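Per the numbering used here, the very first residue in the sequence shown carries number 27; after that it's consecutive.
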Amino acid sequence: MPAVAESIAAAAEVQGCLTKMAIAPGEAGQPARYTLCAGDQRLDLNERLGRPLTLAWTGAIACTHCGRATKKSFAQGYCYPCFKKLAQCDTCIMKPGTCHFFDGTCREPEWAERHCFQPHIVYLANASGLKVGITRGTQVPTRWLDQGAVQALPMFEVQTRQQSGFVETLFKEEVSDRTNWRAMLKGDTVEMDLPAERDRLLARLESGLANLRERFGEDAIRLLDAPPVTLDYPVLEYPTKVASHNLDKTPEISGTLLGLKGQYLILDSGVINLRKYTGYEVRVAA
27 MPAVAESIAA
37 AAEVQGCLTK
47 MAIAPGEAGQ
57 PARYTLCAGD
67 QRLDLNERLG
77 RPLTLAWTGA
87 IACTHCGRAT
97 KKSFAQGYCY
107 PCFKKLAQCD
117 TCIMKPGTCH
127 FFDGTCREPE
137 WAERHCFQPH
147 IVYLANASGL
157 KVGITRGTQV
167 PTRWLDQGAV
177 QALPMFEVQT
187 RQQSGFVETL
197 FKEEVSDRTN
207 WRAMLKGDTV
217 EMDLPAERDR
227 LLARLESGLA
237 NLRERFGEDA
247 IRLLDAPPVT
257 LDYPVLEYPT
267 KVASHNLDKT
277 PEISGTLLGL
287 KGQYLILDSG
297 VINLRKYTGY
307 EVRVAA
């Protein structure tokens, strides 16, 4: 999909193909700022909290990479040919430990060199309970905001995505790598002492970490001394029962916008994960 301008649309109605919402951390104790992105148009959502919002899918879907029309979106926004050929759609993106770059079978070696062979962060987060995760260093704190985390703590900086996957897999022996999205959207996540949880896990996984450092070098997996981060979201009211909208079944949805968390719109009529509908052409009236 071609590059778009970053200006915020002044109009209360926009139309275009969805990409994930842009989220910026709030300043001075304020909640995160959300911008809906539809083609080359932008809509400030924080300003529309408490107001009616309608989202209507036109029936069209465009691949976010090549722009061609597709009847079905694969891997959140790609046509089937791109899904099969792009490195960013390969299974090793979800399971970095299965990286096959050094086997000579990477789909796009140049892309991998730009994205996978750069520093990654292994972190603990609290969105619906304790979880471990990984992200490129340049994606902090965006990754945590996308997941709806209310707390996060960077633990390690590693040299490559593959190495981050090995560290994450080690920690998965003790803690989940998943977020319970329904629990996250109810807004009743209990605050945790993330530094204490980190220290507990480090003690239990000391041997496994030593093995990884022996394999890749002491400097490859660097323990960080970073403070925990607290994240806040613009939510007027959390749902007590989470019901999810589906554009494929109901092309037009509407309701009062009650909140924004992760990549979800929280309406009084239900919630919707906009990232799931990347590439869908929609009209949004607010």
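In this text, a Cβ means the ideal position worked out from N, Cα and C, and glycines have one as well. Treat the numbers as computed from the prediction; the structure is a model and nothing was measured.
Q) Can you tell me the Cα-Cα spacing of Glu307 and Asp274, whole angstroms? A) On the sequence shown, residue 307 is found 281 positions in, with the first residue counted as 1. On the sequence shown, residue 274 is found 248 positions in, with the first residue counted as 1. Whole-angstrom Cα-Cα distance: 12 Å.
Q: Identify whether Thr96 lies in helix, strand or coil by the three-state DSSP scheme.
A: Here residue 96 is taken as the residue at index 70 of the sequence shown, counted from 1. Three-state DSSP puts Thr96 in coil, outside helix and strand.
Q.
Is it the case that the region 89-100 contacts the region 144-162, given that we only count it when at least three CB pairs across the two stretches are under 8 Å?
A. no
Q: Please go through the region 203-247 and give each complete alpha helix (DSSP H) segment of 4 or more residues, from N-terminal end onward.
A: 207-212, 220-230, 232-242
Q | Whole-angstrom C-beta distance between Ile292 and Pro265, which should lie under 8 Å | A | Here the question's residue 265 lines up with position 239 in the sequence shown. Here the question's residue 292 lines up with position 266 in the sequence shown. About 6 Å separates the beta carbons of Pro265 and Ile292, which is inside the 8 Å limit, making them a contact pair.
**Q.** Exposure of Ala236, with buried meaning 16 or more beta-carbon neighbours within 10 Å
**A.** By 1-based counting over the sequence shown, the position of residue 236 is 210. Classification for Ala236: exposed.
**Q.** Opposing strand residues paired with Asn272 [DSSP bridges]
**A.** Mapped onto the sequence shown, residue 272 falls at position 246. Its beta-bridge partners do not exist; DSSP assigns none.
Q) Alpha carbon to alpha carbon, how far is Ile247 from Arg230? A) Numbered from its first residue, the sequence shown carries residue 247 at position 221. Numbered from its first residue, the sequence shown carries residue 230 at position 204. Near 17 Å, if we compare the C-alpha coordinates of Arg230 and Ile247.
Q) Are the Cβ atoms of Pro260 and Leu220 separated by less than 9 Å? A) Position 234 of the sequence shown, counting from 1, holds the residue named residue 260. Position 194 of the sequence shown, counting from 1, holds the residue named residue 220. Taking 9 Å as the Cβ cut-off, Pro260 and Leu220 do not qualify as a contacting pair.
Q: With Leu196 as the anchor, note down where its alpha helix (DSSP H) starts and where it stops.
A: As a position in the sequence shown, residue 196 is number 170, starting the count at 1. Where Leu196 is concerned, the enclosing alpha helix (DSSP H) stretches over 187-197.
**Q.** Spatial distance of Ser280 from Ala311 (CA atoms)
**A.** Taking the first residue of the sequence shown as position 1, residue 280 is located at position 254. Taking the first residue of the sequence shown as position 1, residue 311 is located at position 285. If you take the alpha carbons of Ser280 and Ala311, they lie about 9 Å apart.
Q: Quick one: residues in its chain with C-beta nearer than 6 Å to the C-beta of Phe143, no 5 flanking neighbours on either side, listed in chain order?
A: For this step, residue 143 is matched to residue 117 along the sequence shown. Residues of the same chain with a CB within less than 6 Å of the CB of Phe143, apart from the 5 flanking positions on each side, are Thr186 in chain order.
Q. Considering only residues of the region 47-123, which uninterrupted alpha helix (DSSP H) runs meet the minimum length of 4 residues and lie entirely inside it, listed in chain order?
A. 106-111, 117-120
Q: Indicate the three-state DSSP secondary structure (helix, strand or coil) for Glu179 in the structure shown.
A: The sequence position of residue 179 within the sequence shown is 153, counting from 1. Per the sequence shown, residue 179 should be read as Leu rather than Glu. In the structure shown, Leu179 sits in a strand (DSSP, three-state: E or B).
Q. Since Met218 and Gln177 are thought to touch, with beta carbons under 8 Å apart, how far apart are those beta carbons, to the nearest angstrom?
A. Residue 218 sits at position 192 when you count from the first residue of the sequence shown. Residue 177 sits at position 151 when you count from the first residue of the sequence shown. So it is a contact: roughly 6 Å between Cβ atoms.
**Q.** Cβ-based neighbour list, Thr215, same chain, cut-off 8 Å, excluding 5 preceding and 5 following
**A.** The count along the sequence shown starts at 1 and reaches residue 215 at position 189. Closer than 8 Å at the Cβ level, and outside the excluded window around Thr215, lie Asn152, Ala153, Ser154, Gly155, Val176, Ala209.
Q: For Trp137, collect the residues of the same chain with a Cβ closer than 6 Å to its Cβ; drop the 5 residues on either side in sequence, then sort them by chain order.
A: Translated into the one-based positions of the sequence shown, residue 137 becomes position 111. So the list reads Ala113, once near-sequence residues are dropped.
Q) Taking Cβ to Cβ, would you say His146 is nearer than 9 Å to Val201? A) Locating residue 146 in the sequence shown gives position 120, counting from the first residue. Locating residue 201 in the sequence shown gives position 175, counting from the first residue. For His146 and Val201, no; Cβs fall outside 9 Å.
Q) Relative to the alpha-carbon of Thr213, which residue among Leu150, Asp258, Arg74, Lys157 has its alpha-carbon at the smallest distance? A) Counting from one through the sequence shown, the residue named residue 213 turns up at place 187. Looking at the sequence shown, residue 213 is not Thr but Gly. Comparing Cα positions, the closest option is Asp258.
Q: Mind checking who His146 pairs with in its DSSP beta bridge?
A: Start at 1 with the first residue of the sequence shown, and residue 146 comes out as number 120. BP columns for His146 point to Arg162, Val184.
Q: Spatial neighbours of Lys198 within its chain, please: CB distance less than 8 Å, with the 5 preceding and 5 following residues excluded, ordered by chain position.
A: Here residue 198 is taken as the residue at index 172 of the sequence shown, counted from 1. Excluding its 5 nearest sequence neighbours in each direction, Lys198 has C-beta neighbours in its own chain below 8 Å: Val158, listed in chain order.
(Q) Is Ser295 a contact residue of the ligand GTP, with contact defined as CB to any heavy atom under 8 Å? (A) For the structure depicted, the ligand GTP is absent and the ligand set is empty, with no information on it obtainable.
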